[in-house]
Amino acid sequence: MPLLEPKPQALRPSGRRTASVDRVPGRLAGGTPEPLRGDLTALLGAAKVLWKVSDLVRYASDASPYRFVPQVVVVAQDIDDISAVLSYAHGKGREVVFRAAGTSLNGQAQGEDILVDVRRHWAGVELLDGGARVRVRPGTTVARVNAALARHGRVLGPDPASALACTIGGVVANNASGMTAGTTRNSYRTVASLTVVLASGTVVDTGDPRADQDLAHAEPRLCAGLLALKAEIEADPELAARIRAKYAIKNTNGYRLDAFLDGSTPVEILRGLMVGSEGTFGFISEVVFDTLPLERHLSTALLFFPTLPAAAAAVPPFNEAGARAVELIDGNTLRASVSVAGVPADWAALPRRTAALLVEFRAPDEAGREAYEEAAARVLAGLDLVAPVASVTNAFTRDAEAIAGYWKARKAFVTAVGGSRPAGTTLITEDFAVPPPRLAEACEALLALQEAHGFDAAVAGHAAHGNLHFLLAFDAADPSDVERYAAFMDDFCRLTVERFDGSLKAEHATGRNIAPFLELEWGPGATELMWRTKQVIDPDGVLAPRIVLDRDPRAHLRGLKTIPKVERVADPCIECGFCEPTCPSRDLTTTPRQRIVLRREMMRQSNGSPVQEALLEAYGYDAVDTCAGDSTCALDCPVGIDTGALMKGFRHLRHSPREERAVALTARNFMAVEASARLAVGAARAIGDRLGDRALARVTGLARKAVRPDLLPEWLPEIPGAAPVLPRTRRVGANAVYYPACVNRIFGEPQRHRGPSLPRAVVALATRAGKPVWIPEDVAGTCCATIWHSKGYELGNAVMANRIVEAAWGWTAGGTLPLVVDASSCALGIAHEVVPYLSADNRELHAALTVVDSVVWAAEELLPHLTVVRRARSAVLHPTCSTRHLGDETQLRAVAGACAEEVVVPDDAGCCAFAGDRGMLHQELTRAATAREAAEVTSRHFDTHLSANRMCEIGMERATGHPYVSVLLELERATRPGPEYLRRT
767 MPLLEPKPQA LRPSGRRTAS VDRVPGRLAG GTPEPLRGDL TALLGAAKVL
817 WKVSDLVRYA SDASPYRFVP QVVVVAQDID DISAVLSYAH GKGREVVFRA
867 AGTSLNGQAQ GEDILVDVRR HWAGVELLDG GARVRVRPGT TVARVNAALA
917 RHGRVLGPDP ASALACTIGG VVANNASGMT AGTTRNSYRT VASLTVVLAS
967 GTVVDTGDPR ADQDLAHAEP RLCAGLLALK AEIEADPELA ARIRAKYAIK
1017 NTNGYRLDAF LDGSTPVEIL RGLMVGSEGT FGFISEVVFD TLPLERHLST
1067 ALLFFPTLPA AAAAVPPFNE AGARAVELID GNTLRASVSV AGVPADWAAL
1117 PRRTAALLVE FRAPDEAGRE AYEEAAARVL AGLDLVAPVA SVTNAFTRDA
1167 EAIAGYWKAR KAFVTAVGGS RPAGTTLITE DFAVPPPRLA EACEALLALQ
1217 EAHGFDAAVA GHAAHGNLHF LLAFDAADPS DVERYAAFMD DFCRLTVERF
1267 DGSLKAEHAT GRNIAPFLEL EWGPGATELM WRTKQVIDPD GVLAPRIVLD
1317 RDPRAHLRGL KTIPKVERVA DPCIECGFCE PTCPSRDLTT TPRQRIVLRR
1367 EMMRQSNGSP VQEALLEAYG YDAVDTCAGD STCALDCPVG IDTGALMKGF
1417 RHLRHSPREE RAVALTARNF MAVEASARLA VGAARAIGDR LGDRALARVT
1467 GLARKAVRPD LLPEWLPEIP GAAPVLPRTR RVGANAVYYP ACVNRIFGEP
1517 QRHRGPSLPR AVVALATRAG KPVWIPEDVA GTCCATIWHS KGYELGNAVM
1567 ANRIVEAAWG WTAGGTLPLV VDASSCALGI AHEVVPYLSA DNRELHAALT
1617 VVDSVVWAAE ELLPHLTVVR RARSAVLHPT CSTRHLGDET QLRAVAGACA
1667 EEVVVPDDAG CCAFAGDRGM LHQELTRAAT AREAAEVTSR HFDTHLSANR
1717 MCEIGMERAT GHPYVSVLLE LERATRPGPE YLRRT
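Numbering of the sequence shown is given in this note's numbering, commencing with residue 767 and proceeding in unit increments.
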């Protein structure tokens, strides 16, 4: 064992506790039991079988209130893997559930036997017919597809609020719709064809002209069964009419029986049935969508009303005026959304009964928008609106930033309200639909029902389509609270069906919560047809049992998950999964959601249980060490949970007092450390050039094994030589203080770079623009403190944080001049991350400073005074995660745009996970984090590869094989006076 290996026990939950009723049983402490583990490993290979108890726990939770622990998790790589698993399940009498993003709200992505991950290896987008159609693999997010379509002026029909995280497989399997899809733009109406692997292993491409002929040959019994059911439905006019009426409003409860009316052949029927089948009929391996025009001319308003029924009553006039979206938001939701960045703080003071409508008109051109705005003005004139707080305008706007803010607040409905629930309570999300003209009446009835059962729920929904969502919080560990919830559900379902003839599920699909009430809505005849359809397509019941069809009247109360309290920063988490697409380690170890899920399971266990011990043993590497600490999860989490900060806190807990003191000593003596590092880098580069990089890698590898892999970096061939000395500058007449980050004082530019160093380029640009800068003579020995902060060394962090603020205050004459920092992570560190570690006096000094990222300074202060004399034809741009945190992406693009005729930001661009030196500590992390972006970058030629942080540039060079440089180096070249032959070499 390495000398300084941290002890897992340092992360053991404190205090004595008794085991929770829904804890993972001790028999799973050793993971997947035999012979299941051995069988699947032999069948698929060890890399595709996740068997540790920590794997089972992290896949046991999704965005729903349920939790079922699988026996094993298979990470399927292709259709052959899917077919092999299904064949094995048939032979052994086992069950299979498919899981992609895990954003489903009713337990559709959970199973108790074999769970198959179909996200990791299943991403891909192919545009067809200029974007009129698009072929998508099931692990691709809706946002990723729309990013590709937007360049062609097209968009998908389904637009769920979880588009950032939810994947196409789940969208189609649940027939998800969203804000604007209604009944005409949802998956059922816009899926042109799909490829499905049936429970038998048969693969059907419904778009193949020979599909019916091939299916009849492979599955004659299935084809005959589907046609028989079709004939039976068509022979009963009353039943056929009832089916048509049920889909006149949004409805995803049960199977799409109208597929038997809409399809004329077995394949056409199967295509329709697969939409909304929730993984119970087969695995959807590919989907072709008919896309829709992207209407870019928007006019949007957030309108406030005194009550929820009053807001609902205003929906029909806006529908008649042609609004694309009319979203209803109640007071609880509005007040809870103040936790979302950008939402006005005064919403917290809104009266309890206040409600709002988010109304949006979309047009293909300016004339269309003006016509819509005139129609909207006529509707507004007849409304009695309220303005209970100062930020309320009750006016339509075209401002893109304001519109984005409105939608951000609306889309945070589940997560913002869920995040504000009492700690330790379970969140239930339900959605239902009524005929749109009866929406106001339904709102009144729902509020009365909630009050009768003692719930103060939050309500929002797609009011234009009569579709409401509501959230309830209760304690799943308290049997009496569970019974209160059960009584509410009984009354709610009867109310929806018997009073409104509504849909118990409008767009979230049946799921475990509504399966027991399916017959209440559809009646015994239609429900029995659904059971028979399942029997025809999956006769052995291999796929996803009990998710759509369940005869147990209390099935919705089984598997409710308790939510034990954990660290305060993580308590608001509702396990929605919005954080996962941005997480650098999502394809390597764990995601932010899974890190919290694992922590909660530790809390469910009694002290020292075998399961808790196994989780602690795995947590160090899987959760703490392989977290990049970039905190982009906090940007995508609607309530801003910073799991990166939580992991840094855990790193601190694993440090001994002696280690903390030793590392603090490096901060106090950083001038010597910096000089030594610069010499070491230069010497190592020279040795690497002479003896080869492999020799250095072997030496550092042995040292890492002896000391600690998470402490000593590994040598990489992409590491450049030492940085040259800083240029001399004058303080007199300087427009700004230029602070070269320590990484740019230690590391030089890429080995193939020919030109000035970054500090010399910045000085040259400033001089060229008539905005000279001054580099203080005593910058050596100072740092932004990120080195210590990222590793959880709090003593060293405090030492350097206070030193840099004191120095910067002096350099800038008490904040008179801006401090321009040439690495985005360092700008973020000095501007924000040092603050919690400052003394009271230094916090006052910090408040006087103006810290500016050098790219922002160049875009806003230098570019207007520079003349571009040469531009690259094409550039690919890697925005750093710190750039995202700072909100500086627009300026980064502006500078890159001055340097190149074409600037491309890859659709899959994300955090590179190099994270200072973490990419040298865990190469596998950067390799996993950059795989998709690197594939985009290397798929074509670019003249130059740009970013805004030296270590990220090294990481991206490692990932792509192309040298990345600061966008400011390219700007210096583009504006350098001289003949055209002054190009890069």
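Note that the Cβ used here is the ideal one computed from N, Cα and C, for glycine as well.
All values derive from a computational prediction rather than experimental measurement.
TODO: Give the single residue among PRO1506, PHE834 and ALA1211 whose Cα lies nearest to the Cα of CYS1259.
DONE: Indexing the sequence shown from 1 puts residue 1259 at position 493. Comparing Cα positions, the closest option is ALA1211.
By Cβ distance, which residues of its chain are closer than 6 Å to ALA1400, with the 5 residues on each side in sequence left out? Along the sequence shown, one-based indexing puts residue 1400 at 634. Here the set comprises GLY1406 and ASP1408.
4-residue-minimum alpha helix (DSSP H) runs that sit fully inside the segment 1191-1233, ordered along the chain: The segment 1191-1233 is shown to contain whole alpha helix (DSSP H) runs of 4 or more residues at 1205-1218, in chain order.
*With DSSP run on the structure shown, which of helix, strand or coil describes PRO1059?*
By one-based count along the sequence shown, residue 1059 stands at place 293. Here PRO1059 sits in strand by DSSP.
(request) Tell me, please, which residues DSSP counts as bridged to THR1533. (result) Along the sequence shown, one-based indexing puts residue 1533 at 767. THR1533 pairs with nothing; no bridge assigned.
Original post:
Exposed or buried, ALA1001, counting other C-beta atoms within 10 Å across all chains shown (16 or more means buried)?
Top reply: Along the sequence shown, one-based indexing puts residue 1001 at 235. When all chains shown are included, ALA1001 counts as exposed.
Tell me which same chain residues have a C-beta within less than 6 Å of the C-beta of SER1648, skipping the five on either side of it?
-> In the sequence shown, the residue the question calls residue 1648 occupies position 882. Within the same chain, and ignoring the five residues on either side of SER1648 in sequence, the residues whose Cβ sits closer than 6 Å to its Cβ are SER1590, SER1591 and LEU1594.
Which one of ASP1654, VAL1731 and GLU1738 has the shortest CA to CA distance from VAL1635? Taking the sequence shown and counting its residues from 1, the one referred to as residue 1635 is at position 869. Among ASP1654, VAL1731 and GLU1738, the Cα nearest to that of VAL1635 belongs to GLU1738.
- Query: To the nearest angstrom, how far is it from the Cα of TYR1013 to the Cα of GLY859?
  - Reply: Taking the first residue of the sequence shown as 1, we reach residue 1013 at position 247. Taking the first residue of the sequence shown as 1, we reach residue 859 at position 93. The straight-line gap from Cα to Cα measures roughly 36 Å.
### Cβ neighbour criterion (16 or more within 10 Å) applied to GLY1410
On the sequence shown, position 644 is the one that residue 1410 refers to. Answer is buried; the Cβ neighbour count reaches 16.
Grab the span of the alpha helix (DSSP H) containing THR1181 for me, first residue to last.
-> Your numbering for residue 1181 matches position 415 in the sequence shown. From DSSP, the alpha helix (DSSP H) with THR1181 extends over 1179-1185.
Residue interval of the alpha helix (DSSP H) (run including ILE845): Stepping through the sequence shown from its first residue, residue 845 is reached at position 79. That run of the alpha helix (DSSP H) goes 845-858.
Got a sec, what are the start and stop residues for the alpha helix (DSSP H) HIS1688 sits in? Taking the sequence shown and counting its residues from 1, one reaches residue 1688 at position 922. Looking at the DSSP string, HIS1688 is not in any alpha helix (DSSP H), and its letter there is neither H nor E.
CA nearest to the CA of ALA1206, picked from LEU1116, ILE1095, GLU1132 and THR1159: Position 440 of the sequence shown, counted from the first residue, corresponds to residue 1206. Minimum Cα distance to ALA1206 is reached at ILE1095.
From ALA1076 to LEU981, what does the alpha carbon distance come to, in whole angstroms? As a first step, residue 1076 must be located in the sequence shown, where it is residue number 310. As a first step, residue 981 must be located in the sequence shown, where it is residue number 215. Using only the alpha carbons, I get a separation of about 53 Å.
Check: In or out: LYS1331 buried (at least 16 other Cβ within 10 Å) or exposed?
Finding: The count along the sequence shown starts at 1 and reaches residue 1331 at position 565. Result: exposed.
Next on the checklist: Give me the residue from SER827, VAL840 and ARG1144 with the minimum Cα distance to LEU809.
Outcome noted: Here residue 809 corresponds to residue number 43 of the sequence shown, with the count starting at 1. The candidate whose alpha carbon is nearest that of LEU809 is VAL840.
Handout entry: chain C contact for GLU1626 (CB, 8 Å cutoff)
Key = Absence of chain C from the displayed structure is noted, only one protein chain being present.
- Query: Can you give the beta carbon distance from ALA958 to PRO904, rounded, assuming they're within the 8 Å contact cut?
  - Reply: Taking the sequence shown and counting its residues from 1, the one referred to as residue 958 is at position 192. Taking the sequence shown and counting its residues from 1, the one referred to as residue 904 is at position 138. Actually they are not in contact, since the Cβ atoms of ALA958 and PRO904 sit about 15 Å apart, beyond 8 Å.
- Task: Take the Cβ of GLU1264 as the centre, count every other Cβ of all protein chains shown within 10 Å, and call the residue buried at 16 or more, exposed below.
- Result: By 1-based counting over the sequence shown, the position of residue 1264 is 498. Flag for GLU1264 reads exposed.
Terminal residues of the continuous beta strand (DSSP E) containing ARG899? Taking the sequence shown and counting its residues from 1, one reaches residue 899 at position 133. Per DSSP, ARG899 belongs to the beta strand (DSSP E) from 899-902.
### Message
Counting C-beta neighbours from all protein chains within 10 Å, is the total for THR1751 16 or more, i.e. buried, or is it exposed?
### Response
Residue mapping note: residue 1751 aligns to position 985 of the sequence shown, counting from 1. Confidence in THR1751 is poor, its pLDDT being 38 and thus under 50, which makes the residue's placement unreliable; the coordinate value appears in the next sentence. It is exposed - the Cβ of THR1751 has fewer than 16 other Cβ atoms within 10 Å.
Take the Cβ of PRO772 as the centre, count every other Cβ of all protein chains shown within 10 Å, and call the residue buried at 16 or more, exposed below. The residue you call residue 772 lines up with position 6 of the sequence shown. Under this definition PRO772 is a buried residue.
If you check the beta carbons only, do VAL1622 and ASP1588 fall under 8 Å apart?
Against the sequence shown, residue 1622 aligns to sequence position 856. Against the sequence shown, residue 1588 aligns to sequence position 822. Not closer than 8 Å, so no.
Inter-residue CB distance, GLN1378 and GLN1371 (contact presumed, cutoff 8 Å): Against the sequence shown, residue 1378 aligns to sequence position 612. Against the sequence shown, residue 1371 aligns to sequence position 605. Sure, about 4 Å apart at Cβ, within 8 Å.
* **Integer Cβ distance of HIS1235 from ASP1197, believed to fall under 8 Å** => Your numbering for residue 1235 matches position 469 in the sequence shown. Your numbering for residue 1197 matches position 431 in the sequence shown. Right, their Cβ atoms sit about 4 Å apart.
Coil, strand or helix - PHE1258 by DSSP
The count along the sequence shown starts at 1 and reaches residue 1258 at position 492. In this structure, PHE1258 counts as helix in the three-state DSSP scheme.
Note to self: Could you check whether ALA1226 and THR1192 sit closer than 8 Å to each other, using their CB atoms as the reference points?
What the structure shows: For the purposes of this step, residue 1192 is identified with residue 426 of the sequence shown, where counting begins at 1. For the purposes of this step, residue 1226 is identified with residue 460 of the sequence shown, where counting begins at 1. It is not a contact, given that the beta carbons lie outside the stated cut-off.
- Beta-carbon spacing of ARG886, THR933 below 8 Å: Here residue 886 is taken as the residue at index 120 of the sequence shown, counted from 1. Here residue 933 is taken as the residue at index 167 of the sequence shown, counted from 1. No, these two residues do not count as a Cβ contact at 8 Å.
Requested in this report: Kindly indicate which residue of ALA1567, ALA1089, ALA1208 and ALA1253 has the alpha-carbon position closest to the one of PHE1266.
Outcome: Locating residue 1266 in the sequence shown gives position 500, where the first residue counts as 1. Selected option, being the one with the closest Cα: ALA1208.
Practice problem: Tell me whether TYR1747 sits in a helix, a strand or coil according to DSSP, three-state version. | Solution: Working through the sequence shown from its first residue, we reach residue 1747 at position 981. With a pLDDT of 48 at TYR1747, under the threshold of 50, the modelled position of that residue is not reliable, and the figure given next carries that caveat. DSSP places TYR1747 in coil when its eight states are reduced to three.
* **Presumed contact (8 Å Cβ cut-off) between ARG1366 and ILE1313, rounded CB distance** => Numbered from 1 along the sequence shown, position 600 holds the residue referred to as residue 1366. Numbered from 1 along the sequence shown, position 547 holds the residue referred to as residue 1313. That belief does not hold up - the Cβ atoms of ARG1366 and ILE1313 are roughly 23 Å apart, past 8 Å.
Give the single residue among ASN872, LEU1445, ALA1129 and ALA1272 whose Cα lies nearest to the Cα of LEU1058.
-> One-based indexing of the sequence shown puts residue 1058 at position 292. By alpha-carbon distance to LEU1058, the top candidate from ASN872, LEU1445, ALA1129 and ALA1272 is ALA1129.
Practice problem: Could you name the residues of the same chain whose beta carbon sits closer than 6 Å to that of TYR1747, not counting the 5 residues immediately before and after it, in chain order? | Solution: Translated into the one-based positions of the sequence shown, residue 1747 becomes position 981. Only weak support exists for where TYR1747 lies, its pLDDT of 48 falling under 50; the coordinates are left without a value.
query: Taking contact to mean at least 3 C-beta pairs separated by less than 8 Å, is the segment 848-862 in contact with the segment 892-903?
result: no
Whole-angstrom C-beta distance between VAL787 and VAL938, which should lie under 8 Å | What you label residue 938 is simply residue 172 of the sequence shown in a count that begins at 1. What you label residue 787 is simply residue 21 of the sequence shown in a count that begins at 1. Between VAL787 and VAL938 the Cβ distance is about 36 Å, and since that is not below 8 Å, they are no contact.
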